[in-house]
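Reminder that position 153 of the sequence shown reads as 152 in numbering that gives the first Met the number 0, one-by-one numbering, no gaps.
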Amino acid sequence: MKDLLTLSADSLKSLGILDWGYTEESVPQSLDRYEQWVKEDLQGPLGYLSDHRKDLRKDIKNIYPEFQSALVFLFSYQEAKKWMLDNNRNQVAAYTLGFEGEDYHHALKERLNSIFLLLKKSNSDLKHFIALDTQPILERDLAFRAGLGWFGKNSMLINQKEGSYFIIGSLLLNRKLKIENPTIDIDHCGQCVACVDACPTKAIDGEARTIIASHCISTYTIEIFKDAEAPIGFDKSRGEFFGCDICQDVCPWNRKPLARVIGALKLPERLSFLKDWFFGLPINDLVKIIDKESNRGFKRKLSGTAFDRPGKEGWLKNLKAILSKSNRSDS
Ligand code: B12
Ligand code: SF4
Ligand code: SF4
């Protein structure tokens, strides 16, 4: 990784950054593909992708009118992923535990703010706006425009050196910086279709490089908060009950980057129960523990982590789907 103006590559690495990029383009290059996707209703239950916020994605200036440039960062969760694969712990997606168990929306906002304050030291009229998942911005496209990777057939933004186990976080800025515009990376999937073949619920449209959201295990386990039928093929998964990394785990571009890291799962004492809950207990026992909690108590216990999103009802739906999957494979 290169230095970023006055910030050394080593100081960026210490913030968990794998790479960074720069762009002055506020308009996504793949807008037509997004609009077609919504037209075909492929967002399924994810209403926030098709409602009044849809048109805001046409230009970042709709969200941040002062936009002049963006610094885009790739924040690693490779260590947690390596540990999970080495120990065959695939029940939860690796990003959930990759930031010491903390919800990345909080953890990475702090890191982005600290980078901004360092940049501001030599540019006192610099202002910023953070783009981190929740804004109506096509963030993979932003990272693509910043030269950080290409869209894989699994729709992930893949970086040639670092693979795809990272979260994209950006500083939108009110000034241009003295940084060269990037070289765009078009495609390195070639003839490979490993992700398309491995997806148990057939959610991937490899041609269009997108997914059918209603088929995806990630949608079912993270975004649906009430009792609901699991997508067809859920019983062929590895037992994922919160998020899903299958289409990344089979991607050849993730092999080398993972081989370089030492797998570690770092959780503070306060959250060490997560490891016992997810990887230590039979599902029946976990259902009993969650069932005993009140809605509010359950939310409180998981607050500050990625896991409080679907709430108690959503979690019970996930675990019951796993139980019925196991019953099916036993019979
Ligand atoms: C909605 C959403 C989801 C939904 C829908 C996923 C989806 N593929 O859209 C669900 C809940 C399923 C989901 C799951 C996951 N998500 Co999500 N999600 C988002 C969110 C909030 C919006 C995505 C969006 O706008 N989708 C719209 C559709 C149309 O986009 P798309 O499928 O990528 O389609 C594009 C490609 O087809 C592209 N394209 C295809 N070919 C070509 C060719 C060229 C030349 C070009 C330019 C473009 C192009 O054009 C389309 C439009 O951009 C973003 C954050 C954000 N604000 O952007 C995170 C985000 C995409 N998710 C992220 C992550 C980590 C995940 C999971 C890995 C989590 C998990 N382990 O469970 C999975 C991965 C599933 C998958 N294979 O996509 C990361 C991805 C990081 C990366 N390396 O790409 C993001 C960027 C969050 C972040 N800030 O880091 N997610
Ligand atoms: S996250 Fe899982 S279910 Fe969703 S597209 Fe990838 S492999 Fe398929
Ligand atoms: S598994 Fe193969 S086709 Fe899928 S994203 Fe990776 S390289 Fe591309």
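Note that beta-carbon positions come from the ideal geometry of N, C-alpha and C, so glycine has one too. Owing to the predicted nature of the structure, the values given are computational and were not obtained by experimental measurement.
Proximity winner among 41, 37, 119, relative to residue 6 (alpha-carbon distances): Counting from 1 along the sequence shown, the entry for residue 6 is found at position 7. Nearest option by C-alpha distance: 119.
Can you tell which of 195, 306, 311, 182 has the C-alpha that lies nearest to the C-alpha of residue 94? On the sequence shown, residue 94 is found 95 positions in, with the first residue counted as 1. Answer by Cα proximity: 306.
Would you say residue 251 touches ligand 3, meaning its beta carbon is less than 7 Å from a heavy atom? Numbered from its first residue, the sequence shown carries residue 251 at position 252. Residue 251 Cβ: within cutoff of ligand 3.
Just mark residue 299 as buried or exposed, buried being the case when its beta carbon has 16 or more other beta carbons within 10 Å. Numbered from its first residue, the sequence shown carries residue 299 at position 300. That one is exposed.
Inter-residue spacing [alpha-carbon to alpha-carbon] between residue 266 and residue 97: Reading the sequence shown from its first residue, position 267 is the one you call residue 266. Reading the sequence shown from its first residue, position 98 is the one you call residue 97. Distance between the alpha carbons of residue 266 and residue 97 is about 9 Å.
Just how far apart, CA to CA, sit residue 291 and residue 13? Against the sequence shown, residue 291 aligns to sequence position 292. Against the sequence shown, residue 13 aligns to sequence position 14. Roughly 41 Å separates the two Cα atoms.
Segments assigned alpha helix (DSSP H), at least 4 residues, entirely inside the stretch 113-175: Correct list: 138-144.
If you reduce the DSSP assignment to three classes, tell me which class residue 213 lands in. The sequence position of residue 213 within the sequence shown is 214, counting from 1. Note: residue 213 maps to helix in three-state DSSP.
Backbone secondary structure at residue 200 - three-state DSSP: As a first step, residue 200 is located in the sequence shown; it is residue number 201 there, counting from the start. Note: residue 200 maps to coil in three-state DSSP.
How many whole angstroms separate the CB atoms of residue 191 and residue 153, which I take to be in contact at a CB cut-off of 8 Å? Within the sequence shown, the letter at position 192 stands for residue 191. Within the sequence shown, the letter at position 154 stands for residue 153. About 10 Å; that fails the 8 Å criterion.
Residues whose Cβ lies closer than 6 Å to any heavy atom of ligand 2, in chain order: 153, 198, 200, 202, 203, 210, 215, 216, 217, 243, 245, 246
Under three-state DSSP, which class holds residue 5? Within the sequence shown, residue 5 is the residue found at index 6, counting from 1. Coil at residue 5, not helix or strand.
Does the Cβ of residue 218 have 16 or more other Cβ atoms within 10 Å, making it buried, or fewer, making it exposed? As a position in the sequence shown, residue 218 is number 219, starting the count at 1. With a threshold of 16 other beta carbon atoms within 10 Å, residue 218 meets it and is buried.
Distance, residue 244 Cα to residue 251 Cα: The residue labelled residue 251 in the question sits at position 252 within the sequence shown. The residue labelled residue 244 in the question sits at position 245 within the sequence shown. Their Cα atoms are separated by approximately 14 Å.
Tell me whether the stretch 279-290 and the stretch 107-123 touch, counting them as touching only if at least three CB pairs, one residue from each stretch, are closer than 8 Å. Segment contact: the stretch 279-290 against the stretch 107-123, fewer than three CB-CB distances shorter than 8 Å; contact not assigned.
Assuming residue 208 contacts residue 167 under a Cβ cut-off of 8 Å, what Cβ separation, rounded to an integer in Å, is found between them? Counting from 1 along the sequence shown, the entry for residue 208 is found at position 209. Counting from 1 along the sequence shown, the entry for residue 167 is found at position 168. That pair is no contact at about 17 Å.
Give me the Cα-Cα distance between residue 274 and residue 70, rounded to the nearest whole angstrom. Position 275 of the sequence shown, counting from 1, holds the residue named residue 274. Position 71 of the sequence shown, counting from 1, holds the residue named residue 70. Near 34 Å, if we compare the C-alpha coordinates of residue 70 and residue 274.
Please return the same chain residues whose Cβ sits closer than 7 Å to the Cβ of residue 145, not counting the five positions on each side in sequence. Within the sequence shown, the letter at position 146 stands for residue 145. Excluding residues within five positions, the ones whose Cβ falls inside 7 Å are 20, 21, 22, 69, 71, 181.
Based on the DSSP secondary-structure assignment, which residues constitute the bridge partners of residue 73? As a working mapping, residue 73 is identified with position 74 in the sequence shown. Paired residue(s): 18, 167.
Using 8 Å as the cut-off, can you tell me whether the stretch 45-54 makes contact with the stretch 103-111, which would need three or more C-beta pairs spanning the two stretches below that distance? Judged by pairs of C-beta atoms under 8 Å, the stretch 45-54 does not touch the stretch 103-111, as fewer than three such pairs exist.
Given a cut-off of 8 Å, decide if residue 131 and residue 111 are closer than it, judged by their beta-carbon atoms. Position 112 of the sequence shown, counting from 1, holds the residue named residue 111. Position 132 of the sequence shown, counting from 1, holds the residue named residue 131. Cβ distance < 8 Å, so residue 111 and residue 131 count as in contact.
Helix, strand or coil at residue 260 [DSSP, three-state]: Reading the sequence shown from its first residue, position 261 is the one you call residue 260. The answer is coil: DSSP assigns residue 260 none of H, G, I, E or B.
Compare the beta carbon distance of residue 163 and residue 253 with 8 Å and say whether it is the shorter of the two. For the purposes of this step, residue 163 is taken as the residue at position 164 of the sequence shown. For the purposes of this step, residue 253 is taken as the residue at position 254 of the sequence shown. Contact flag set, yes.
What is the DSSP secondary structure of residue 68, counted as helix, strand or coil? Here the question's residue 68 lines up with position 69 in the sequence shown. Here residue 68 sits in strand by DSSP.
Integer Cβ distance of residue 247 from residue 155, believed to fall under 8 Å: Position 248 of the sequence shown, counted from the first residue, corresponds to residue 247. Position 156 of the sequence shown, counted from the first residue, corresponds to residue 155. Going by Cβ atoms, the distance from residue 247 to residue 155 rounds to 6 Å, so yes, they are a contact pair.
Are there any heavy atoms of ligand 1 lying less than 7 Å away from the beta-carbon of residue 32, as far as the coordinates show? Taking the first residue of the sequence shown as position 1, residue 32 is located at position 33. Yes, since a heavy atom of ligand 1 falls inside the 7 Å radius drawn around the Cβ of residue 32.
Please state whether the Cβ-Cβ distance between residue 63 and residue 171 is less than 8 Å. Looking up residue 63 in the sequence shown gives position 64. Looking up residue 171 in the sequence shown gives position 172. In this structure, residue 63 lies near residue 171, with their beta-carbon atoms less than 8 Å apart.
Where DSSP assigns a beta bridge to residue 91, which residues make up the other side? Counted from its first residue, the sequence shown places residue 91 at position 92. According to DSSP, residue 91 bridges with 241.
Below 7 Å CB to CB, which residues in the same chain sit around residue 83 once its five sequence neighbours on both sides are set aside? As a position in the sequence shown, residue 83 is number 84, starting the count at 1. Within the same chain, residue 83 has close Cβ partners 89, 93.
Buried or exposed for residue 133, going by 16 or more other Cβ atoms inside 10 Å? As a first step, residue 133 is located in the sequence shown; it is residue number 134 there, counting from the start. Per the 10 Å Cβ criterion, exposed.
Cα separation between residue 151 and residue 293? Translated into positions along the sequence shown, residue 151 becomes position 152. Translated into positions along the sequence shown, residue 293 becomes position 294. For residue 151 and residue 293, the distance between alpha carbons rounds to 41 Å.
Rounded to the nearest angstrom, what separates residue 109 and residue 135 at their Cα positions? The residue you call residue 109 lines up with position 110 of the sequence shown. The residue you call residue 135 lines up with position 136 of the sequence shown. When rounded, the distance between both Cα atoms is 20 Å.
With hydrogens ignored, establish whether the beta-carbon of residue 145 is closer than 7 Å to any heavy atom of ligand 1. Residue 145 sits at position 146 when you count from the first residue of the sequence shown. Not under cutoff, so the answer is no.
Nearest residue (CA-CA) to residue 186, options 303, 317, 157: Counting from one through the sequence shown, the residue named residue 186 turns up at place 187. Measuring from the Cα of residue 186, the nearest candidate turns out to be 157.
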